[in-house]
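Enquirer: To start, I am sharing the structure in question, which I have written as structure tokens.
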Amino acid sequence: MTKVKKAFFCKNCGYESAKWLGCCPSCGEWNTFVEEIVSKPATSALGINNYNSKAQLINDIDVSHESRLNLNSVEINRILGGGLVCGSMVLVGGEPGIGKSTLSLQIALKCPDIKTLYVSGEESAQQIKIRAARLGSNDAQCYILSETLLETIVIQAKELKPDILVIDSIQTLYTERIDSSAGSISQIRDCAMQLLKFAKETNTPVFVIGHITKDGTIAGPKVLEHIVDVVLQFEGDNSHAYRILRATKNRFGSTAEIGIFEMQNNGLREIENPSEILISQHNDLSFSGVAIAATMDGVRPLFIETQSLVSTAAYGVPQRSTTGIDVRRLNMLLAVLEKRAGFRLATKDVFFNITGGLRISDTAADMAIVSSILSSNFDVSIPTNSCFCAEVGLTGELRPVPHINQRIGEAARLNFKKIFISRYSKLEDKPPANIEVISVAKIEELMKILFGKN
Ligand code: TYD
Ligand code: MG
7 MTKVKKAFFC KNCGYESAKW LGCCPSCGEW NTFVEEIVSK PATSALGINN YNSKAQLIND
67 IDVSHESRLN LNSVEINRIL GGGLVCGSMV LVGGEPGIGK STLSLQIALK CPDIKTLYVS
127 GEESAQQIKI RAARLGSNDA QCYILSETLL ETIVIQAKEL KPDILVIDSI QTLYTERIDS
187 SAGSISQIRD CAMQLLKFAK ETNTPVFVIG HITKDGTIAG PKVLEHIVDV VLQFEGDNSH
247 AYRILRATKN RFGSTAEIGI FEMQNNGLRE IENPSEILIS QHNDLSFSGV AIAATMDGVR
307 PLFIETQSLV STAAYGVPQR STTGIDVRRL NMLLAVLEKR AGFRLATKDV FFNITGGLRI
367 SDTAADMAIV SSILSSNFDV SIPTNSCFCA EVGLTGELRP VPHINQRIGE AARLNFKKIF
427 ISRYSKLEDK PPANIEVISV AKIEELMKIL FGKN
């Protein structure tokens, strides 16, 4: 009888230990060790023929055959750094229900000349067919396999020789080599290693879907991040239609790229000009309390509409409520307004909202937030052809933000007539002729220009 070998694993980072530990020496988390059965130690991913590999001079290494598959989607190709690299492993992470299965099935269906094998451990072939019908499938070469045993999947994949292998999801897979249950850390790690070996041996790209809960406690995807080449994070709010796909790790491209999608009843639609839909189109009407911010997400300019409502506080304690920004940031800006602009806080309720359900962390939105609050307070609207981009410092000065030229260029492209920036911004190129750039140094100055108040 073979002896059962057991080991302890950290649920958070996957650290392996022979004995139980209270605190993980690798990630410092407490009470995260669980015992798991490992009948065989996991072999190295590329363990075959490792003894006869030779060192090569860097200049002699041939990269001419690094081929990329065109996925027939502008957004996804760009996030991947210009297409899917053959033999790479891509992890798509995100909360349940965000649209990971939809996205990967859509990739498989939208490329008629690429043969894909879509393996689902969660849904039956019929369910996937129903979803595909919803997505408007054409005659794509997409094969479906509803299976959870990894060995069967690899045999099927080797037989079928697909151009792309999709695994939905890694948590449902199990391998016969390890006795613990599907979804456990040792299973996830060993399955990922075997898939990586398959990817490198056959030069087939593999898409792996992984679930993450809100607080990121499920260990699987975190352990996987070290193994895979690309990690794509699918973010967004279930209650809103907009979803952001972001590369948090990419061995073949930039991690500053994002893609924006909208969930519709026939699948995910790419949004090439997010600013155009995030800004309400009410050119002839203007409302008080609205200002447009020229923010950036990664390397992509994103113009958003900030809305404020300032009203007299009905109760003793004024209310502060925000959606889309940190409430502490709003409090800080209100404190600056009180000190520098004589804005009486104690008697006002302030409600703040960013339209479209987006969350913004770019401090370049500060000037727009402040302007929208002032606009609502004075009940004077800001012309809809103006936009703002500067950070507000604690002394009330307007500070420069990075990528100013790119923001001005995008503002001109979106037909804004005026952009307010910090006086201390350094413009590398001359701004386009069809936009007026207004440099402002302090909040008092901004108030004077916008509302004629001192
Ligand atoms: P799904 O891709 O199954 O999420 P995940 O695999 O990340 O758990 O689906 C996400 C949600 O999207 C689901 O609640 C249903 C909705 N949906 C649409 O709104 N339109 C569609 O065309 C599809 C296929 C799904
Ligand atoms: Mg799913």
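Positions 7 to 460 (the numbering used here) are the ones given, in order, by the sequence shown. The C-beta atom is built at its ideal place from N, Cα and C for all residues, glycine as well.
Assign Cys29 to buried or exposed, taking buried as 16 or more other Cβ atoms, counted over all protein chains shown, within 10 Å of its Cβ.
Expert: The sequence position of residue 29 within the sequence shown is 23, counting from 1. Exposed: under 16 other Cβ atoms inside 10 Å.
Enquirer: Helix, strand or coil for Phe258 per DSSP?
Expert: Position 252 of the sequence shown, counted from the first residue, corresponds to residue 258. Residue state, collapsed to three classes: coil.
Enquirer: By the DSSP assignment, the alpha helix (DSSP H) with Gly265 in it spans what residues?
Expert: Here residue 265 corresponds to residue number 259 of the sequence shown, with the count starting at 1. Run containing Gly265: none in the alpha helix (DSSP H); it sits in the beta strand (DSSP E), Ile264 to Gln270.
Enquirer: Using a 10 Å radius around the Cβ and a threshold of 16 neighbouring Cβ atoms, would you call Ile64 buried or exposed?
Expert: For the purposes of this step, residue 64 is taken as residue 58 along the sequence shown, with counting starting at 1. It counts as exposed.
Enquirer: Pick out every residue whose C-beta is nearer than 6 Å to a heavy atom of the ligand MG: which are they, in chain order?
Expert: This selection yields Lys106, Ser107, Glu128 and Asp174.
Enquirer: What is the DSSP secondary structure of Thr390, reduced to helix, strand or coil?
Expert: Position 384 of the sequence shown holds residue 390. In this structure, Thr390 counts as coil in the three-state DSSP scheme.
Enquirer: For Cys197, report the span of its alpha helix (DSSP H) as first-last.
Expert: Looking up residue 197 in the sequence shown gives position 191. Per DSSP, Cys197 belongs to the alpha helix (DSSP H) from Ile191 to Thr208.
Enquirer: Can you check which of these residues, Trp36, Phe15, Gly88 and Ile414, is closest to Thr301 by C-alpha distance?
Expert: Sequence index remark: in the sequence shown, residue 301 carries index 295 (1-based). The candidate whose alpha carbon is nearest that of Thr301 is Ile414.
Enquirer: At a cut-off of 7 Å, would you count Leu77 as near the ligand TYD, judging by its Cβ distance to the nearest heavy atom?
Expert: Here residue 77 refers to the residue found at position 71 when the sequence shown is read from its first residue. For the ligand TYD, not one heavy atom lies less than 7 Å from the Cβ of Leu77.
Enquirer: What separation, rounded to the nearest whole angstrom, lies between the Cα atoms of Cys19 and Leu27?
Expert: What you label residue 19 is simply residue 13 of the sequence shown in a count that begins at 1. What you label residue 27 is simply residue 21 of the sequence shown in a count that begins at 1. Rounded to the nearest angstrom, the two C-alpha atoms are 14 Å apart.
Enquirer: Out of curiosity, what's the CA-to-CA distance linking Thr49 and Val160?
Expert: To locate residue 49, count along the sequence shown from 1; it is residue 43. To locate residue 160, count along the sequence shown from 1; it is residue 154. Summary for Thr49: the model assigns pLDDT 49, below 50, so the residue's position carries little reliability; its value from the coordinates is reported in the next sentence. Taking the straight line joining both Cα atoms gives about 17 Å.
Enquirer: Check Glu42 in the structure and name its three-state DSSP category.
Expert: Counting from 1 along the sequence shown, the entry for residue 42 is found at position 36. Strand, per DSSP.
Enquirer: Please report how far the alpha carbon of Ala114 lies from the alpha carbon of Ser190, in whole angstroms.
Expert: Residue 114 sits at position 108 when you count from the first residue of the sequence shown. Residue 190 sits at position 184 when you count from the first residue of the sequence shown. About 28 Å.
Enquirer: In chain order, what residues of the same chain have a beta carbon less than 8 Å from the beta carbon of Lys354, not counting five sequence neighbours either side?
Expert: Position 348 of the sequence shown, counted from the first residue, corresponds to residue 354. Excluding sequence neighbours, Lys354 sits near Val316, Ser317, Thr318, Ala319, Pro324 and Asn383.
Enquirer: Are there any heavy atoms of the ligand TYD lying less than 7 Å away from the beta-carbon of Asn359, as far as the coordinates show?
Expert: Residue mapping note: residue 359 aligns to position 353 of the sequence shown, counting from 1. It does not: the Cβ of Asn359 is nowhere closer than 7 Å to a heavy atom of the ligand TYD.
Enquirer: Which runs of the beta strand (DSSP E) fall wholly inside the region 345-369 and span at least 3 residues, in chain order?
Expert: With a minimum length of 3 residues, the continuous beta strand (DSSP E) runs that stay inside the region 345-369 are 354-360.
Enquirer: Where does Leu97 sit, in a helix, a strand or coil, going by DSSP?
Expert: For the purposes of this step, residue 97 is taken as the residue at position 91 of the sequence shown. Of the three classes helix, strand and coil, the one that applies to Leu97 here is strand, per DSSP.
Enquirer: Does the Cβ of Gln177 lie closer than 7 Å to at least one heavy atom of the ligand TYD?
Expert: Along the sequence shown, one-based indexing puts residue 177 at 171. Gln177: no, Cβ never under 7 Å from the ligand TYD.
Enquirer: Under 7 Å: does the beta carbon of Gly216 sit that close to some heavy atom of the ligand TYD?
Expert: As a position in the sequence shown, residue 216 is number 210, starting the count at 1. No, since every heavy atom of the ligand TYD falls outside the 7 Å radius drawn around the Cβ of Gly216.
Enquirer: If you run the structure through DSSP and keep just helix, strand and coil, what is Glu451?
Expert: Position 445 of the sequence shown, counting from 1, holds the residue named residue 451. Helix, per DSSP.
Enquirer: Of the residues Ser431, Glu231, Met453 and Val305, which one's Cα is nearest the Cα of Val96?
Expert: Counting from one through the sequence shown, the residue named residue 96 turns up at place 90. Checking every option, the nearest Cα to that of Val96 belongs to Glu231.
Enquirer: If you draw a straight line from the C-alpha of Asn411 to the C-alpha of Asn279, how long is it?
Expert: Locating residue 411 in the sequence shown gives position 405, where the first residue counts as 1. Locating residue 279 in the sequence shown gives position 273, where the first residue counts as 1. If I take the Cα positions, the gap works out to 18 Å.
Enquirer: Going by the C-beta, is Leu141 closer than 7 Å to any heavy atom of the ligand TYD?
Expert: Residue 141 sits at position 135 when you count from the first residue of the sequence shown. Leu141 Cβ: within cutoff of the ligand TYD.
Enquirer: Could you check which residue in Asp119, Phe240, Ser107 and Glu344 has the C-alpha nearest to that of Ser126?
Expert: By one-based count along the sequence shown, residue 126 stands at place 120. Nearest of Asp119, Phe240, Ser107 and Glu344 to Ser126, Cα basis: Ser107.
Enquirer: Excluding sequence positions up to five away, which residues of its chain have a Cβ less than 6 Å from the Cβ of Ser152?
Expert: By one-based count along the sequence shown, residue 152 stands at place 146. Around Ser152: Ser126, Ser130 and Ala131.
Enquirer: Buried or exposed: which applies to Ile136, given that a residue is buried once 16 or more other Cβ atoms fall within 10 Å of its Cβ?
Expert: The residue you call residue 136 lines up with position 130 of the sequence shown. Per the 10 Å Cβ criterion, exposed.
Enquirer: If you draw a straight line from the C-alpha of Glu282 to the C-alpha of Glu268, how long is it?
Expert: Numbered from its first residue, the sequence shown carries residue 282 at position 276. Numbered from its first residue, the sequence shown carries residue 268 at position 262. Cα to Cα, Glu282 sits roughly 13 Å from Glu268.
Enquirer: Where does Asp169 fall in DSSP's three states?
Expert: For this step, residue 169 is matched to residue 163 along the sequence shown. Note: Asp169 maps to coil in three-state DSSP.
Enquirer: Whole angstroms are fine: how far does the CA of Arg429 sit from the CA of Leu456?
Expert: By 1-based counting over the sequence shown, the position of residue 456 is 450. By 1-based counting over the sequence shown, the position of residue 429 is 423. Cα to Cα, the separation comes out at about 16 Å.
Enquirer: Name the one or two DSSP bridge partners that Glu212 has.
Expert: The sequence position of residue 212 within the sequence shown is 206, counting from 1. It is worth fixing the name first, because residue 212 is Val in this sequence and not Glu. DSSP lists Met95 and Leu171 as partners of Val212.
Enquirer: Among Leu452, Phe204, Gly322 and Lys436, which one has its Cα closest to the Cα of Val376?
Expert: On the sequence shown, position 370 is the one that residue 376 refers to. For the residues Leu452, Phe204, Gly322 and Lys436, the minimum Cα distance to Val376 belongs to Leu452.
Enquirer: When DSSP labels each residue in this structure, what does Leu404 get in the three-state scheme?
Expert: Taking the first residue of the sequence shown as position 1, residue 404 is located at position 398. Reduced to three states, the DSSP call for Leu404 is strand.
Enquirer: Assuming Asn209 and Gly93 make a contact with CB atoms under 8 Å, what is their CB distance in whole Å?
Expert: Numbered from its first residue, the sequence shown carries residue 209 at position 203. Numbered from its first residue, the sequence shown carries residue 93 at position 87. The Cβ separation is near 4 Å, so the contact holds.
Enquirer: For Gly103, is the beta carbon positioned less than 7 Å from some heavy atom of the ligand TYD?
Expert: What you label residue 103 is simply residue 97 of the sequence shown in a count that begins at 1. Checking the Cβ of Gly103 against the ligand TYD gives yes.
Enquirer: At a cut-off of 7 Å, would you count Gln270 as near the ligand TYD, judging by its Cβ distance to the nearest heavy atom?
Expert: By one-based count along the sequence shown, residue 270 stands at place 264. Indeed, a heavy atom of the ligand TYD lies less than 7 Å from the Cβ.
Enquirer: In its own chain, which residues sit with a C-beta less than 7 Å from the C-beta of Lys469, not counting the 5 before and 5 after it?
Expert: With the chain running from 7 to 460 in the structure shown, residue 469 is simply not present.
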